[in-house]
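Enquirer:
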Amino acid sequence: MIMDGNGRWARKRHLPRVAGHARGVKRVRDIVEFCIARNIRYLTLFAFSTENWKRPVDEVNHLMGLFVTALEAEVNKLCKNGVCLRVIGDLSPFSPRLQALITTAEARTAGNDRLTLTIAANYGGRWDIQQAFVGWLKVQQATGNAAAQQVSPEDIDLGPYLAMAYAPNPDLVIRTGGEQRISNFLLWQSAYAELYFTDTLWPAFDAAEMERALAWYVQRERRFGQVGQPAQAIAR
Ligand code: FPP
224 MIMDGNGRWA RKRHLPRVAG HARGVKRVRD IVEFCIARNI RYLTLFAFST
274 ENWKRPVDEV NHLMGLFVTA LEAEVNKLCK NGVCLRVIGD LSPFSPRLQA
324 LITTAEARTA GNDRLTLTIA ANYGGRWDIQ QAFVGWLKVQ QATGNAAAQQ
374 VSPEDIDLGP YLAMAYAPNP DLVIRTGGEQ RISNFLLWQS AYAELYFTDT
424 LWPAFDAAEM ERALAWYVQR ERRFGQVGQP AQAIAR
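Per the working numbering, residue 224 is the first one in the sequence shown, and the count goes up by one each step.
Here it is in structure tokens:
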């Protein structure tokens, strides 16, 4: 889920941009509940990209505050609903408090398996591929396989080293807010994902909008570069 359009949603209502982010958090709650109800097992939210640091410092601080508040307020509920929380991205620039909250939330929810909710924070698809390659290379070096001249492209299996190695590749990528691009989201993992773009701004993306996206998805014929295969039906 590429959650775009918070700022525009707020501007249309003559509200500060941060009001759009606050409403965006409410939508996150709604969509998490929707996924649990509909037995969707993995939901990944692009909450903060590596490029978002370039926003005004007040807005960045506000977004960090929202993450902190959401983590403090929601972890009990996530546990109660069987949600396993994972956060992917380079977390090192985040405040020690936020990093500690993330570690605690991940540990507390680790045993849950109804829905795996991944928050991509300071995440970029290129960063993910780069860090996976470093991980792969380290293993090759440790096992004495590192002679570069012997490596062919197909020998490089980055899958186990990517940030979301614990999850299947996404079936459906949804982007709200009218733009039709991937913006450095799960670049490697989305190779065969169905891409759904809607003009609806994230703070207005409710359960009915999600239904529309799923109805579109189940019509898709998924070929994975081969001959036909119907889209997996999502149970009601
Ligand atoms: C894009 O809207 C949204 C973001 C950069 C932040 C997304 C964050 C949230 C929805 C809230 C926090 C989420 C969690 C998981 C606690 P934009 O600001 O780019 O909107 P615009 O394109 O209209 O300016």
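Built from N, CA and C at the ideal position, the CB exists for glycine as well.
1. Is it right to say Asp-336 is buried, meaning 16 or more other beta carbons lie within 10 angstroms of its own, or is it exposed?
2. Where do the N-terminal and C-terminal ends of the beta strand (DSSP E) with Ile-311 fall, by residue?
3. Determine the direct distance from the alpha carbon of Ile-254 to that of Met-433, and round the result to whole angstroms.
4. Note down, in chain order, each residue of its chain lying with its Cβ closer than 6 Å to the Cβ of Asn-392, except the 5 sequence neighbours on either side.
5. Straight-line CA distance for His-285 to Gly-243?
6. Can you look up Arg-240 in the DSSP assignment and give me helix, strand or coil?
7. Rounding to the nearest angstrom, what Cα-Cα distance links Ile-397 and Leu-301 in this structure?
8. Is any non-hydrogen atom of the ligand FPP found closer than 7 Å to the C-beta of Arg-252, if you look at the structure I gave you?
9. From the DSSP output, in three-state form, read off Leu-338 for me.
10. Measure the Cβ-Cβ separation of Tyr-265 and Gly-312 and say whether it is below 8 Å.
11. Is Tyr-440 helix, strand or coil when you go by DSSP?
12. For Ser-406, which beta-bridge partners are listed by DSSP?
13. DSSP three-state call for Tyr-384: helix, strand or coil?
14. For Leu-338 versus Ile-259, is the C-beta distance shorter than 8 Å?
15. Counting only the same chain and skipping the five closest in sequence on each side, list residues whose C-beta sits under 8 Å from that of Arg-320.
16. Three Cβ pairs or more, each shorter than 8 Å: is that satisfied between the stretch 407 to 421 and the stretch 381 to 391?
17. Can you give me the C-alpha to C-alpha distance between Tyr-310 and Gly-228, rounded to a whole angstrom?
18. Is the beta carbon of Arg-443 closer than 8 Å to that of Glu-417?
19. Hey, could you find the ends of the beta strand (DSSP E) Ala-270 is sitting in?
20. Report whether the distance from the Cβ of Met-287 to the nearest heavy atom of the ligand FPP is below 7 Å.
21. State whether the stretch 423 to 431 contacts the stretch 271 to 286, with contact taken as three or more CB pairs (one from each stretch) at a distance under 8 Å.
22. Under 7 Å: does the beta carbon of Phe-428 sit that close to some heavy atom of the ligand FPP?
23. Please report the distance separating the alpha-carbon of Pro-376 from that of Gly-382.
Expert: Working from what's here:
1. Position 113 of the sequence shown holds residue 336. Asp-336 should be labelled exposed.
2. Working through the sequence shown from its first residue, we reach residue 311 at position 88. DSSP places Ile-311 in the uninterrupted beta strand (DSSP E) bounded by 306 to 311.
3. In the sequence shown, the residue the question calls residue 433 occupies position 210. In the sequence shown, the residue the question calls residue 254 occupies position 31. For the pair Met-433 and Ile-254, the Cα-to-Cα distance works out to about 8 Å.
4. For this step, residue 392 is matched to residue 169 along the sequence shown. If you ignore the 5 residues before and after Asn-392, its C-beta comes within less than 6 Å of the C-beta of Gln-412, all in its own chain and listed in chain order.
5. Taking the sequence shown and counting its residues from 1, the one referred to as residue 285 is at position 62. Taking the sequence shown and counting its residues from 1, the one referred to as residue 243 is at position 20. In this structure, the CA atom of His-285 is about 11 Å from the CA atom of Gly-243.
6. As a position in the sequence shown, residue 240 is number 17, starting the count at 1. Helix at Arg-240.
7. To locate residue 397, count along the sequence shown from 1; it is residue 174. To locate residue 301, count along the sequence shown from 1; it is residue 78. If I take the Cα positions, the gap works out to 23 Å.
8. Within the sequence shown, numbered from 1, the residue matching residue 252 stands at position 29. No.
9. Your numbering for residue 338 matches position 115 in the sequence shown. Three-state result, Leu-338: strand.
10. Taking the first residue of the sequence shown as position 1, residue 265 is located at position 42. Taking the first residue of the sequence shown as position 1, residue 312 is located at position 89. Judged by beta-carbon spacing, Gly-312 lies beyond the 8 Å limit of Tyr-265, meaning their Cβ atoms are not closer than that value.
11. Locating residue 440 in the sequence shown gives position 217, counting from the first residue. For Tyr-440, the secondary structure class from DSSP, reduced to helix, strand or coil, is helix.
12. Working through the sequence shown from its first residue, we reach residue 406 at position 183. Answer is none; Ser-406 lacks a bridge partner.
13. The sequence position of residue 384 within the sequence shown is 161, counting from 1. Three-state DSSP puts Tyr-384 in a helix.
14. Sequence index remark: in the sequence shown, residue 338 carries index 115 (1-based). Sequence index remark: in the sequence shown, residue 259 carries index 36 (1-based). For Leu-338 and Ile-259, yes; Cβs fall inside 8 Å.
15. For the purposes of this step, residue 320 is identified with residue 97 of the sequence shown, where counting begins at 1. Cβ neighbours of Arg-320 beyond the five flanking positions: Val-291.
16. Taking a contact to require three or more Cβ pairs closer than 8 Å, the stretch 407 to 421 and the stretch 381 to 391 qualify as touching.
17. Walking along the sequence shown from the start, residue 310 turns up at place 87. Walking along the sequence shown from the start, residue 228 turns up at place 5. For clarity, residue 310 is Val in the given sequence; the question names Tyr instead. In this structure, the alpha-carbon of Val-310 lies about 22 Å from that of Gly-228.
18. Sequence index remark: in the sequence shown, residue 417 carries index 194 (1-based). Sequence index remark: in the sequence shown, residue 443 carries index 220 (1-based). Yes, they are a contact pair.
19. For this step, residue 270 is matched to residue 47 along the sequence shown. Unbroken beta strand (DSSP E) run through Ala-270: 265 to 272.
20. Residue numbering aside, residue 287 sits at position 64 when the sequence shown is read from its first letter. Proximity of the beta carbon of Met-287 to the ligand FPP is not indicated: no heavy atom of the ligand is located closer than 7 Å.
21. By the C-beta criterion, the stretch 423 to 431 is judged not to be in contact with the stretch 271 to 286, since fewer than 3 inter-stretch pairs fall below 8 Å.
22. As a first step, residue 428 must be located in the sequence shown, where it is residue number 205. Not under cutoff, so the answer is no.
23. Here residue 376 refers to the residue found at position 153 of the sequence shown. Here residue 382 refers to the residue found at position 159 of the sequence shown. If you take the alpha carbons of Pro-376 and Gly-382, they lie about 13 Å apart.
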